[in-house]
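Q:
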Amino acid sequence: MQLTLKKAIFWAFYSMATTLVLLCIVETILRFFNPLGTDYIYEARRYFKIMKADRTYAYIHRAGVQDQFQGVDVRINTEGFRGRDFAVKKPERTYRILLLGDSVVFSWGVEEKDSLAVQVEKRLRTQDILKQMELEVLPIGVGSWNTRTQYEFMAERGIHYNPDLVVWVIVANDLEPKTRGRTLVPLEELRARPSGLENPYWDKRTELQRRWLTEHSHLWAIFERYRRIGFMRRLNNKYVQRDSPQAIDTKDAVKKLAELLNARNIPIYAFLHGEIQSDFGLKYHALYKAFLDQAAIPSFVFSEDIYKRAHMNSVIDPHQNSKGIEIMAENIVAILKERNALETS
Numbered sequence: 015m016q017l018t019l020k021k022a023i024f025w026a027f028y029s030m031a032t033t034l035v036l037l038c039i040v041e042t043i044l045r046f047f048n049p050l051g052t053d054y055i056y057e058a059r060r061y062f063k064i065m066k067a068d069r070t071y072a073y074i075h076r077a078g079v080q081d082q083f084q085g086v087d088v089r090i091n092t093e094g095f096r097g098r099d100f101a102v103k104k105p106e107r108t109y110r111i112l113l114l115g116d117s118v119v120f121s122w123g124v125e126e127k128d129s130l131a132v133q134v135e136k137r138l139r140t141q142d143i144l145k146q147m148e149l150e151v152l153p154i155g156v157g158s159w160n161t162r163t164q165y166e167f168m169a170e171r172g173i174h175y176n177p178d179l180v181v182w183v184i185v186a187n188d189l190e191p192k193t194r195g196r197t198l199v200p201l202e203e204l205r206a207r208p209s210g211l212e213n214p215y216w217d218k219r220t221e222l223q224r225r226w227l228t229e230h231s232h233l234w235a236i237f238e239r240y241r242r243i244g245f246m247r248r249l250n251n252k253y254v255q256r257d258s259p260q261a262i263d264t265k266d267a268v269k270k271l272a273e274l275l276n277a278r279n280i281p282i283y284a285f286l287h288g289e290i291q292s293d294f295g296l297k298y299h300a301l302y303k304a305f306l307d308q309a310a311i312p313s314f315v316f317s318e319d320i321y322k323r324a325h326m327n328s329v330i331d332p333h334q335n336s337k338g339i340e341i342m343a344e345n346i347v348a349i350l351k352e353r354n355a356l357e358t359s
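If you want it as C-alpha cells, here you go:
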C-alpha cells in the first residue's frame with residue numbers, strides 16, 4: 015500500500031514536471047521562432063497606442079508617427095493615414111481616388127511599396143484617360159474602423175479631399191461598435207451585450223490575471239486569441255441580424271455615405287472582403303449586399319484566392335500579405351475598367 019502511494023506521488027510529480035518542460039519548450043519555440051505569427055497579437059496592441067481619440071469618428075492615427083510594426087516600416091502623414099503627405103485641396107489636373115476602409119486598406123504587415131493604394135495606383139497609371147493627369151490613390155484606412163466611423167470621417171473631413179472616385183473596402187467586422195464617436199443608435203445600446211452572451215463569472219474575476227499571462231506568454235496569448243475569436247463569432251452572428259442595433263446603425267451609415275457622395279456626383283464602388291463559406295459569412299455578405307443595393311452602391315466581392323494561406327501574413331494574422339494585396343488590387347482595377355468607372359466619373 016505504502017509503495018503504491020509513493021509510486022502514485024512519483025508519477026504525479028513526474029507528469030507535472032514533464033508537462034511543465036513541454037510547455038516551456040513550446041513557449042520558447044513560439045517566442046523565438048514565431049512559426050504561427052504570434053507577434054501579430056503584441057504588435058496589434060502596440061499599433062493602437064498610436065491612435066488619437068476623436069468624438070466624431072472614434073479615433074485616427076496621430077499625424078507624423080514613424081514606427082515599425084511587425085517588421086514593416088510605417089509612416090503616418092499629416093492627415094493621419096499611412097503613406098506620403100497629400101494636399102487636402104486636390105491639385106489641378108489631378109485624378110484622385112480614395113480607398114476607404116480599415117486595416118485592409120492600411121495594408122497591415124505589408125511594406126508601403128506593396129500596399130493596396132500603391133498597387134492600385136501602379137496599375138491605373140497605364141489607363142489612357144489618366145496619362146495626361148496626375149493620379150493619386152489615397153489610403154483612407156485605419157485599423158478596426160467600422161462602417162459608421164468610415165462614414166463619419168468622410169462627412170467630417172474626407173469629402174473635402176474632393177475625390178473623383180471612392181473605392182470602399184468593407185470587411186466582416188465592420189458591424190462591431192466603437193467606444194466613442196457619433197452614431198444614430200446610442201452607443202450604450204450598440205455596446206450592450208446581447209442576451210445569452212454575458213461573460214462568465216470566472217471571466218470577470220480573472221481578467222487581470224489573464225491579461226498578465228497574455229503579456230508574458232505567447233502560448234497563453236494564442237489560447238486567449240482563439241477563445242476570443244469563438245466569442246466574437248457568436249457575437250457577430252447576433253450583429254448580422256437585420257433588426258440588431260448594429261445592423262440598423264450600419265444601414266443608416268451606408269445610406270448617408272451614398273447620399274453624401276451622390277450629392278457631389280462622386281461615384282463609389284464597394285468591395286466585400288471576407289469568406290462566404292461559413293454561416294456567418296453568408297449572412298454578412300447578404301446583409302451588406304442588401305444595404306448597398308438599397309443605397310444604389312455597386313458592390314463586388316474579392317477573389318476567394320486572397321484567403322488562401324499562401325496569401326495571408328500568418329496563421330494568427332489573417333491580413334493579406336503582399337501577394338494577397340496584389341490580387342485585391344487586380345480585382346479592383348479589373349472592375350473599374352469593366353465598369354468604365356474612370357471615363358464616366
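Counting from 1 along the sequence shown, just add 14 to a position and that's the residue number in the numbering used here. In this text, a Cβ means the ideal position worked out from N, Cα and C, and glycines have one as well. These numbers come from a predicted model, not from an experiment.
#1: If His287 sits next to Val118, beta carbons under 8 Å apart, how far is it from one beta carbon to the other, in whole angstroms?
#2: Check whether the stretch 268–276 touches the stretch 82–99, taking contact to mean three or more Cβ pairs, one atom from each stretch, closer than 8 Å.
#3: From the DSSP secondary-structure annotation, give me the bridge partner or partners of Gln334.
#4: DSSP puts Tyr153 in a beta bridge; with which residues?
#5: Answer yes if the stretch 40–60 comes into contact with the stretch 224–232, meaning at least three C-beta pairs across the two stretches below 8 Å, and no otherwise.
#6: Please name the residue or residues paired with Ser313 in a DSSP beta bridge.
#7: Residues in the same chain with beta-carbon distance under 6 Å from Asn345, minus the five sequence neighbours each way, listed in chain order, please.
#8: Classify Leu356 as helix, strand or coil using the three-state DSSP reduction.
#9: Less than 8 Å between the C-beta atoms of Leu204 and Asp263, yes or no?
#10: With a floor of 4 residues, list each alpha helix (DSSP H) that falls wholly inside the stretch 18–81, ordered by position along the chain.
#11: For Asn354, count neighbouring C-beta atoms within 10 Å of its own C-beta (all shown protein chains included) and say buried if the count is 16 or more, exposed if not.
#12: Using three-state DSSP, classify Phe397 as helix, strand or coil.
#13: Going by CA-CA distance only, name the one from Leu114, Trp159, Ser121, Arg110 that's closest to Ile143.
#14: To the nearest angstrom, how far is the alpha carbon of Ser359 from that of Glu340?
#15: Just the C-alpha distance for Ser258 and Asp188, rounded to the nearest angstrom, thanks.
#16: Assuming Ile349 contacts Tyr283 (C-beta within less than 8 Å), just tell me the rounded distance between them.
#17: Would you mind working out which of Thr228, Arg248, Leu249 sits nearest Arg239, comparing C-alpha positions?
#18: Beta carbon of Phe294, beta carbon of Asn327: below 8 Å?
#19: In the DSSP assignment, what residue or residues form a beta bridge with Val180?
#20: State the Cα-Cα distance for the pair His75 and Met30, rounded to the nearest angstrom.
#21: Give me the residue from Phe237, Gln146, Leu152 with the minimum Cα distance to Gln133.
#22: Roughly how many angstroms separate the alpha carbons of Gly155 and Gly94, rounded to a whole number?
#23: Express the C-alpha separation of Phe245 and Gly210 in angstroms, rounding to a whole number.
#24: Determine the contact status of Val254 and His174, defining contact as a CB-CB distance below 8 Å.
#25: Who are the Cβ neighbours of Tyr298 in its own chain at under 7 Å, not counting the five residues just before and after it?
#26: In the DSSP assignment, what are the bridge partners of Val88?
#27: Using 8 Å as the threshold, is the C-beta distance between Ala72 and Gly195 below it?
#28: In the DSSP assignment, what residue or residues form a beta bridge with Glu148?
#29: Consult DSSP for Ile346 and reduce its assignment to one of helix, strand or coil.
#30: In angstroms with no decimal places, state the Cα-to-Cα distance between Ile320 and Leu275.
#31: Just verifying my parser: in three-state terms, what is the DSSP assignment at Arg139?
#32: Assign Lys265 to one of two classes, buried (16 or more other C-beta atoms within 10 Å of its C-beta) or exposed (fewer than that).
#33: In this structure, does DSSP put Arg194 in helix, strand or coil?
A: Put simply:
#1: 6 Å
#2: no
#3: Met326
#4: Here the sequence assigns Pro to residue 153, which means Tyr is not the residue at that position. BP columns for Pro153 point to Leu113.
#5: yes
#6: Ser313 has Ala284 as its beta-bridge partners, per DSSP.
#7: Cβ neighbours of Asn345 beyond the five flanking positions: Phe316, Ser317.
#8: helix
#9: yes
#10: Entirely contained in the stretch 18–81, the alpha helix (DSSP H) runs reaching 4 residues are, in chain order, 53–61.
#11: exposed
#12: The chain is shown only over 15 to 359; residue 397 falls outside these bounds and no answer can be derived.
#13: Arg110
#14: For Ser359, the pLDDT reaches just 47, beneath the cut-off of 50, and the residue's location in the model is therefore unreliable, although a value from the coordinates is still provided. Each residue's alpha carbon lies about 24 Å from the other.
#15: 14 Å
#16: Right, their Cβ atoms sit about 6 Å apart.
#17: For the residues Thr228, Arg248, Leu249, the minimum Cα distance to Arg239 belongs to Thr228.
#18: no
#19: Leu112, Ile282
#20: Straight-line measurement puts the Cα of Met30 at about 46 Å from the Cα of His75.
#21: Leu152
#22: 9 Å
#23: Whole-angstrom Cα-Cα distance: 11 Å.
#24: no
#25: Ala186, Val254, Gly288
#26: Asp81
#27: A contact, by the Cβ cut-off of 8 Å.
#28: Paired residues: Thr108.
#29: In the structure shown, Ile346 falls within a helical segment according to DSSP collapsed to helix, strand and coil.
#30: 29 Å
#31: coil
#32: buried
#33: coil
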